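**Student:** Right, I'll just put the structure down here and ask away after.
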Amino acid sequence: MITFLIIIAGIIVTGFLAYAIVNYIPRKLHWIISIILIALAALLVYKINFEIQKPVQFNKAKKIRYAKVIKNLKIIRDAEVAYKKVTGKYTADGEGLIKFIDTAKFALTQTKNVPKTIHLSGGITKEIEERVVDTIGYEDVKIQFTGRDYKNMLQIPGTDQKFKIEVGEVEKIAGIKAPVFEVKVDKALILKGMDKNLIAQEREAIGGEEIRGAFIRIGSLNEVSEDGNWPPFYDKEDNQNKE
Numbered sequence: 062m063i064t065f066l067i068i069i070a071g072i073i074v075t076g077f078l079a080y081a082i083v084n085y086i087p088r089k090l091h092w093i094i095s096i097i098l099i100a101l102a103a104l105l106v107y108k109i110n111f112e113i114q115k116p117v118q119f120n121k122a123k124k125i126r127y128a129k130v131i132k133n134l135k136i137i138r139d140a141e142v143a144y145k146k147v148t149g150k151y152t153a154d155g156e157g158l159i160k161f162i163d164t165a166k167f168a169l170t171q172t173k174n175v176p177k178t179i180h181l182s183g184g185i186t187k188e189i190e191e192r193v194v195d196t197i198g199y200e201d202v203k204i205q206f207t208g209r210d211y212k213n214m215l216q217i218p219g220t221d222q223k224f225k226i227e228v229g230e231v232e233k234i235a236g237i238k239a240p241v242f243e244v245k246v247d248k249a250l251i252l253k254g255m256d257k258n259l260i261a262q263e264r265e266a267i268g269g270e271e272i273r274g275a276f277i278r279i280g281s282l283n284e285v286s287e288d289g290n291w292p293p294f295y296d297k298e299d300n301q302n303k304e
């Protein structure tokens with residue numbers, strides 16, 4: 062819209078100048094007017110190009126900022142998953158989650174089938190196999206976070222604020238509730254200092270190759286999910302590392 066208005070304004074101004082040159086300005090001064098018109102044309106081209114490039118540069122910059130935020134959200138998610146594996150629930154205590162990574166251990170288990178004799182009526186016996194899970198050792202949770210900056214995972218990159226972790230429960234099936242967690246951050250906070258009109262448009266994104274809605278989020282308080290709401294583009298590096 063802004064680009065369109067600049068073009069219209071340029072056409073109108075050029076028309077008035079052309080009319081003024083023909084009817085009111087002496088011929089000997091036309092060369093000066095020509096220089097002015099050339100300068101105005103160059104300015105107009107610059108402004109149009111600037112307005113065209115603005116959303117392009119905005120998209121490049123936002124993806125860089127988003128990627129840093131998503132990187133921390135993934136660490137928080139993995140920490141919550143580890144915490145639930147050990148304790149059976151999620152936690153809203155971010156600092157406690159960092160301490161958990163530093164001190165907790167996973168139980169290493171082994172499942173095997175053990176023969177067992179069961180007695181049926183009439184003195185009849187039957188041989189079956191029973192699955193038995195044995196703990197064979199322990200592993201530090203911290204090992205799974207090697208090379209990852211989990212100490213600063215609560216910091217929202219590019220800001221002076223920290224992520225807030227929310228936890229709750231949802232009914233997975235009738236009568237059975239499951240623990241859930243959610244961490245989200247407003248896009249406007251991440252994009253602070255950039256073009257306000259483009260930020261407003263970004264907060265209304267409907268998905269596709271963009272992150273849907275006004276927030277970047279991982280987990281959910283409304284359904285059992287540990288996923289983020291961003292498109293696969295932001296997981297490309299993780300997938301390459303797995304390969």
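62 is the number of the first residue of the sequence shown in this note's numbering; add one for each residue after it. Note that CB positions come from ideal geometry on N, CA and C, so glycine has one too. What you are looking at is a predicted structure, and each value in this text was computed from that prediction instead of being measured.
What is the C-beta distance between arginine 138 and glycine 229, in whole angstroms, given that I count them as a contact (C-beta under 8 angstroms)?
**Tutor:** Numbered from 1 along the sequence shown, position 77 holds the residue referred to as residue 138. Numbered from 1 along the sequence shown, position 168 holds the residue referred to as residue 229. That pair is no contact at about 16 angstroms.
**Student:** What's the C-alpha gap between glycine 208 and aspartate 201?
**Tutor:** For the purposes of this step, residue 208 is taken as the residue at position 147 of the sequence shown. For the purposes of this step, residue 201 is taken as the residue at position 140 of the sequence shown. C-alpha separation (whole angstroms): 15 angstroms.
**Student:** Based on DSSP bridge pairs, tell me the residues matched to phenylalanine 242.
**Tutor:** Here residue 242 is taken as the residue at index 181 of the sequence shown, counted from 1. Beta-bridge pairing links phenylalanine 242 to Val228.
**Student:** Taking the CB atoms as reference points, tell me whether phenylalanine 206 and lysine 245 lie closer together than 8 angstroms.
**Tutor:** Position 145 of the sequence shown, counted from the first residue, corresponds to residue 206. Position 184 of the sequence shown, counted from the first residue, corresponds to residue 245. No, Cβ-Cβ distance for phenylalanine 206 and lysine 245 is not below 8 angstroms.
**Student:** Please look up how many angstroms separate the CB atoms of isoleucine 260 and leucine 250, rounded, as I've assumed it's under 8 angstroms.
**Tutor:** Stepping through the sequence shown from its first residue, residue 260 is reached at position 199. Stepping through the sequence shown from its first residue, residue 250 is reached at position 189. About 10 angstroms; that fails the 8 angstroms criterion.
**Student:** Excluding the five sequence neighbours on either side, which residues of its own chain have a C-beta within less than 7 angstroms of the C-beta of histidine 180, listed in chain order?
**Tutor:** Position 119 of the sequence shown, counting from 1, holds the residue named residue 180. Within the same chain, histidine 180 has close Cβ partners Thr186.
**Student:** Quick one: any contact between the stretch 139–153 and the stretch 258–272, if contact means 3 or more CB pairs under 8 angstroms?
**Tutor:** Touching, no, given that fewer than three Cβ pairs across the two stretches are closer than 8 angstroms.
**Student:** Which residue marks the beginning of the beta strand (DSSP E) containing phenylalanine 167, and which one marks its end?
**Tutor:** Against the sequence shown, residue 167 aligns to sequence position 106. Start and end: 166–180.
**Student:** Alpha helix (DSSP H) containing glutamate 21: first to last residue?
**Tutor:** Because the chain in this structure spans residues 62 to 304, residue 21 falls outside the shown range and cannot be described.
**Student:** Just checking, does the stretch 232–241 make contact with the stretch 98–108 on the three C-beta pairs under 8 angstroms criterion?
**Tutor:** Cβ pair count under 8 angstroms is below three, so no.
**Student:** Within 8 angstroms, do at least three Cβ pairs link the stretch 107–127 to the stretch 162–169?
**Tutor:** With a cut-off of 8 angstroms, the stretch 107–127 and the stretch 162–169 do not count as touching, because too few Cβ pairs lie within range.
**Student:** Would you tell me roughly how many angstroms separate the C-alpha atoms of threonine 220 and asparagine 120, rounded to the nearest one?
**Tutor:** Taking the sequence shown and counting its residues from 1, the one referred to as residue 220 is at position 159. Taking the sequence shown and counting its residues from 1, the one referred to as residue 120 is at position 59. Going by the C-alpha atoms only, they are around 19 angstroms apart.
**Student:** Going by beta carbon distance, what residues of the same chain come within less than 8 angstroms of leucine 290, once the five residues before and after it are set aside?
**Tutor:** Taking the sequence shown and counting its residues from 1, the one referred to as residue 290 is at position 229. According to the sequence provided, residue 290 is asparagine. The question's leucine does not apply to it. Contacts found: Ile272, Arg273, Gly274, Phe276, Ile277, Arg278 and Ile279.
**Student:** From the DSSP secondary-structure annotation, give me the bridge partner or partners of glutamine 216.
**Tutor:** The residue given as residue 216 occupies position 155 in the sequence shown. Lys223.
**Student:** What's the C-alpha gap between leucine 282 and isoleucine 73?
**Tutor:** Along the sequence shown, one-based indexing puts residue 282 at 221. Along the sequence shown, one-based indexing puts residue 73 at 12. For leucine 282 and isoleucine 73, the distance between alpha carbons rounds to 55 angstroms.
**Student:** Which residue's Cα is closest to the Cα of lysine 307: Glu190, Val142 and Gly269?
**Tutor:** Residue coverage of the chain in this structure runs from 62 to 304, which leaves residue 307 outside it and unanswerable.
**Student:** Which residues in the same chain have their Cβ closer than 6 angstroms to the Cβ of valine 147, if we skip the five residues on either side of it in sequence?
**Tutor:** Sequence index remark: in the sequence shown, residue 147 carries index 86 (1-based). Ala165, listed in sequence order.
**Student:** Work out the CA separation of arginine 192 and threonine 172 for me, nearest whole Å.
**Tutor:** As a working mapping, residue 172 is identified with position 111 in the sequence shown. As a working mapping, residue 192 is identified with position 131 in the sequence shown. Going from the Cα of threonine 172 to the Cα of arginine 192 covers about 7 angstroms.
**Student:** Tell whether a beta-carbon distance below 8 angstroms holds between glycine 198 and leucine 169.
**Tutor:** By 1-based counting over the sequence shown, the position of residue 198 is 137. By 1-based counting over the sequence shown, the position of residue 169 is 108. It is a contact, given that the beta carbons lie within the stated cut-off.
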